[in-house]
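Since the structure comes first, as structure tokens, the remarks are kept for the end.
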Ligand code: GLN
């Protein structure tokens, strides 16, 4: 099988399996198994794949045809310009989540201590620390397997980050200047309607927001004031239709200056709030 034949064959196979971006995914899988760059491909389309590469390619196409997400096959996803290792124990970092990181970066300053709840792959925690290395960052997750992956990303990207196994705040020591989180927020009744890739392969514990999707926001809104300095901030990623319910939860919990930020598609994506606490804002 030549490189050209491999590309065409892969595209056909994936298209027949109903994979949306068949041509692109076939190329990305070929690139992954062969290490072949686009320029090499165009110069040497008639080059034969080695037997080993051919086998690995067919195996990768088989997985993708069963709707395993591309990133779980290649083991990596880019986020905020960094490569994060991923596997079925962590949610694949989404571009939409970069909005949360960018918003947090406008506030985060050297010397501040921040917490990333439900850190998963560690993409939010580590991107924040890479952009603001003089901050102190703690990431927590309830899943030991997710933390193992976050640990690998930390060791590669930002060894100073601290990771802790914890059911939300249960095992954590405050206070923090900033708490960020992209918690599970899909209402349980909507889980079965998700794309096959998400529904069948991404960890349900990273998606399931219980009955109304708001379970974790409710707990975070209620518990975070005890872990924030006076004037500390809470930044949350939300689902497109949670731009009213989540701000309301924050208001009830005593947060002020609540704002909703939209993503690049114009959908509500991030909620920000300030906890006034007992005193005035410490840092601003
Ligand atoms: N914080 C991780 C991310 O944004 C994981 C989120 C989650 O597991 N819900 O990708």
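Numbering (our numbering), first residue to last: 618 to 901.
From the three backbone atoms N, C-alpha and C, an ideal C-beta is built for every residue, glycine too.
- Helix, strand or coil at residue 852 according to DSSP, with G and I counted as helix: strand
- Message: Can you find the residues in the same chain that come closer than 6 Å, C-beta to C-beta, to residue 898, ignoring five residues on each side of it along the sequence?
- Response: With a pLDDT of 45 at residue 898, under the threshold of 50, the modelled position of this residue cannot be trusted, and the question is left open.
- Compute the minimum distance between the beta carbon of residue 869 and the heavy atoms of ligand 1, and state whether it is under 8 Å. no
- Query: Under three-state DSSP, which class holds residue 657?
  - Reply: helix
- Message: Quick check for students: name the residue ranges of the alpha helix (DSSP H) that lie wholly in the region 671-753, counting only runs of 4 or more.
- Response: 687-691, 714-724 and 740-748
- Query: Just curious, the alpha helix (DSSP H) that residue 766 is in, first and last residue?
  - Reply: Start and end: 761-774.
- Message: Alpha carbons only, please: which of 757, 815, 686 and 784 is nearest the one belonging to residue 643?
- Response: 686
- Task: With hydrogens ignored, establish whether the beta-carbon of residue 854 is closer than 8 Å to any heavy atom of ligand 1.
- Result: True, at least one ligand heavy atom lies under 8 Å from that Cβ.
- Query: With burial defined as no fewer than 16 other Cβ atoms inside 10 Å of the residue's Cβ, what is the status of residue 641: buried or exposed?
  - Reply: exposed
- Task: Count the other C-beta atoms from every protein chain shown that fall within 10 angstroms of the C-beta of residue 799, then say buried if there are 16 or more, exposed otherwise.
- Result: buried
- Query: Exposed or buried, what is residue 727 when buried is set at 16 or more other beta-carbons lying within 10 Å of its beta-carbon?
  - Reply: exposed
- Message: Residues in the same chain with beta-carbon distance under 8 Å from residue 831, minus the five sequence neighbours each way, listed in chain order, please.
- Response: 802, 859, 862, 863 and 866
- Query: Helix, strand or coil: which one does DSSP assign to residue 833?
  - Reply: helix
- Roughly how many angstroms lie between the CA atoms of residue 804 and residue 758, to the nearest whole one? If I take the Cα positions, the gap works out to 20 Å.
- Reduced DSSP secondary structure (H/G/I, E/B, other) of residue 821: Residue 821: helix per DSSP, three-state reduction.
- Starting from the C-beta of residue 700, find all residues in its chain whose C-beta is less than 7 Å away, skip the five residues before and the five after it, and write them out in chain order. 693
- Would DSSP call residue 902 helix, strand or coil? With the chain covering 618 to 901 only, the question about residue 902 has no answer from this structure.
- residue 733 CB to nearest heavy atom of ligand 1 below 8 Å: Yes - ligand 1 has a heavy atom lying nearer than 8 Å to the Cβ of residue 733.
- For residue 757, write down the residues that DSSP places opposite it in a beta bridge. 734 and 781
- Lining residues of ligand 2 - beta-carbon closer than 6 Å to any non-hydrogen atom, in sequence order: Among the ligands modelled here, namely ligand 1, ligand 2 does not occur.
- Nearest-angstrom Cβ-Cβ length linking residue 737 and residue 778, presumed shorter than 8 Å: Rounded, the Cβ-Cβ distance is 13 Å, inconsistent with contact.
- Query: Could you give the residue range of the alpha helix (DSSP H) that holds residue 805?
  - Reply: Note, residue 805: premise wrong, no alpha helix (DSSP H); not H, not E.
- Message: Our contact map puts residue 891 next to residue 850 with C-beta atoms below 8 Å; I'd like the distance itself, whole angstroms only.
- Response: 5 Å
- Look up residue 797 in the DSSP assignment and say whether it is helix, strand or coil. strand
- residue 838: buried (16+ other C-beta within 10 angstroms of its C-beta) or exposed? buried
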